Each structure stands twice: as C-alpha cells, then as structure tokens.
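A.B. asks:
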Ligand code: 3HC
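In the UniProt record's numbering, the protein residues as written are 12 to 321.
1) Give a yes or no on contact between the segment 262-270 and the segment 29-41, applying the rule of three or more CB pairs nearer than 8 Å.
2) Distance check for residue 119 and residue 201, CA to CA, integer angstroms please.
3) Between residue 218 and the ligand 3HC, is the CB less than 8 Å from at least one heavy atom?
4) Looking at residue 40 and the ligand 3HC, is the gap between the Cβ and the nearest heavy atom below 8 Å?
5) May I ask you to check if the CB of residue 154 is nearer than 8 Å to at least one heavy atom of the ligand 3HC?
6) What distance in whole Å lies between the Cβ atoms of residue 213 and residue 138, which are believed to be in contact at a cut-off of 8 Å?
7) What residues in its chain sit with their C-beta under 7 Å from that of residue 206, if we drop five residues either side in the sequence?
8) How big is the Cα-Cα spacing for residue 33 and residue 60?
9) Using the beta-carbon count (16 or more within 10 Å), is residue 166 buried or exposed?
10) CA-CA distance, residue 158 and residue 112?
11) With DSSP as the reference, identify every bridge partner of residue 267, one or two as the case may be.
12) Would you call the segment 128-142 and the segment 167-176 in contact, with 3 or more CB pairs under 8 Å?
13) With a threshold of 8 Å (Cβ to nearest heavy atom), would residue 51 be considered close to the ligand 3HC?
14) When the Cα atoms are used, what is the spatial distance from residue 88 to residue 280?
15) For the ligand 3HC, is there a heavy atom less than 8 Å away from the beta-carbon of residue 142?
16) What number of angstroms, rounded off, separates the C-alpha of residue 127 from the C-alpha of residue 180?
Shown next as structure tokens:
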C-alpha cells in the first residue's frame, strides 16, 4: 500500500464518495469493516433469541403477529449484513466460525434474559430505539453496501420501535400489575441499553480510525446522548421511573446519566455474566442441525459441476 494510494483513498472519503466493493481500500479499512459488519450481523441473528422465546406466550393474536414479524425482520437484517460483509471477501463459514469460537462478538444487550412479556415492549422501545440512533448514523457510512443496508434496516426498525413504545405506554397507564411489569422491565433494560452503544469515547480504540475513514459519523457517546435525549423524557412522560438517581438535564437540555458499570459490560460480553454461554450453545446447535442442508447443497453443487465437466 503506497502513500499515494492512501492519499487518494482519503481524498475520496473527504469528498463524501462511497467506497464500493471493487474499489481500492486499505487492508485495515477492509478488516475493520468485516469486524464491524459481521458482528452487527451476529447481533441481529442472536437478537432473535431473547424475543423469539415469547412468541408462543404472546397475550393476544395481534401481539403474536407483530412479534413474529419483528423476529423475522431481524433474521433478514442478519442476511443483509452477512452479504454486505461478503462483498469485502469475508465468507459466511468464516464469520459463523468466528462467532461460535468466540473470536467475534455480538451485542452485549442480547445476553440479558427476557423474564416477562413487557421485556418484548421494552426491547422494542429501548433496544431498537438505540439501534435506530446507531444505524441512522451508519446509513451515512463511507462503505456503500453497508450504508445502503442500513437504509433498509432503519425503515424496518422504525416499526419495531413504534410497536414497543405503544405496548409499554399502554401498560404504563394500565392496571397496577401492568404498570409494575413495565417498570420492572425498565429497571432491567435501561442501563444495558446505554451500554449497548459501546464504551465511552476515551475507551473506544476503534472510533478514531472508523471516524477518520467515514464509517462512524458520530462517536459512541454522541449516539448515546441522542438516545437518552429522546427516550428519557418519553419514559418519564409515560409515568415510569428511570433507574438512575443522577439523571438530570443540563443547561443545554442534554440529559446527563450517572456512572455506567463497565465491569458489568465486559463481563456480559465475555459471557461471565448473563446468557452468553446459552446464546452461543443455541447458535452452535442451530449450526449443527443445519449441517445436512450444507452437505446436501455441496453434493448438489459437486454433481452439477461433474455433469457440466462431462
Ligand atoms: N456489545 C459487544 N461488544 C461491544 C459493544 C457491545 N454493545 N460495544 C462495543 N463492543 C466491542 C467492540 O466490538 C470492540 O471490540 P472488537 O474490537 O473486538 O470488535 C470493543 O468493544 C471496543 O469498542 P469500540 O467502541 O472501539 O468499537 P466500535 O468502534 O466498533 O464501536 C459499536 C462499537 C458502536 C457497537 C460499533 O461496532 C457499531 O456501530 N456496530 C454496528 C452496529 C451494531 O453492531 N449494533 C449491535 C446491535 S444490533 C441491534 O440492535 C439489532 C436491532 O434490530 C435490535
């Protein structure tokens, strides 16, 4: 890689040009994008697990069909993102192997248990709400296939977000049992949702290069601030209590949160706390159960090739 190639590449980023799959790019740009996009895809697929558990227990047919649609959407988001990573030369097998051998991560948020039906609503409101802030930012990313995947994903996330908020607001003004269920869900999902957007900028080793190369247009703390500024007033307006005694608005109107427990964040990511082991075991079982499909496809492809060669 020559200095001239780097200079030309960075001039393209400066001009706001999209980098496409066949364009020259620094190896580190490619590596970073495969890292980020494949982990995003893993997050979407693992993210189906906590909510999928509740499809059979949905309280009404309406809630069941909404949840089924949402979980199916997440599977589709995973597919778009695995394909986006494949445009950079990553293979599906390689990415799945990295996930199953814990060399790749997925979002910490999905290692938390869903212990009540209201969690489905709170995930839609907070988790998809945080995802929308992050993914709207990534829709402007310099890598074409990723930014275009984000545009499609954000439009579907908006439905996920709205249905979650509508559900929780209904419970927050419902019976005492519903109000208590909504508050209990907020108590368990508020801090994990803040952590989901990544470590503080000072502790974010990738943000610098990802911002320089136009992938992350905002830092973790900037996206987190956007998330809190939208959701704190709405949760309070719904009559819920946010489990952060230090939360307050500053003179600029930004909601300032109390200290985040990053020990919990890293323990959850490593699987030392929460459901990391269970999530990976479920993904491993799905991979093993699907082996026969991969073998059949390979046998069919081999036979087609043999016939074509004759
Ligand atoms: N969970 C797990 N790992 C996390 C994390 C989280 N919430 N936040 C950060 N990390 C990891 C990073 O991956 C990195 O580790 P790595 O170098 O081994 O990959 C390390 O912690 C340091 O973090 P950085 O801030 O330096 O990493 P990034 O610059 O990549 O920023 C990020 C982290 C903001 C999550 C960024 O990777 C990103 O925007 N990713 C794309 C979006 C995404 O993956 N979202 C996950 C949720 S998907 C979802 O919510 C689906 C929706 O439908 C519900």
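Heads up, the beta-carbon is just placed ideally off N, CA and C, and yes, glycines get one too. Just so we're clear, the structure is a prediction, and the values are computed from it rather than from any experiment.
C.D. replies: Taking the definition as stated:
1) Remark: fewer than three beta-carbon pairs, one from each stretch, lie closer than 8 Å, so the segment 262-270 and the segment 29-41 are not flagged as touching.
2) 13 Å
3) yes
4) no
5) no
6) Actually they do not touch by this definition, with Cβ atoms about 25 Å apart.
7) 119, 271 and 276
8) 35 Å
9) exposed
10) 28 Å
11) 259
12) By the Cβ criterion, the segment 128-142 is in contact with the segment 167-176, since at least three pairs of Cβ atoms, one from each stretch, lie closer than 8 Å.
13) Residue side-chain check: residue 51 places its Cβ nearer than 8 Å to a non-hydrogen atom of the ligand 3HC.
14) Near 21 Å, if we compare the C-alpha coordinates of residue 280 and residue 88.
15) yes
16) 16 Å
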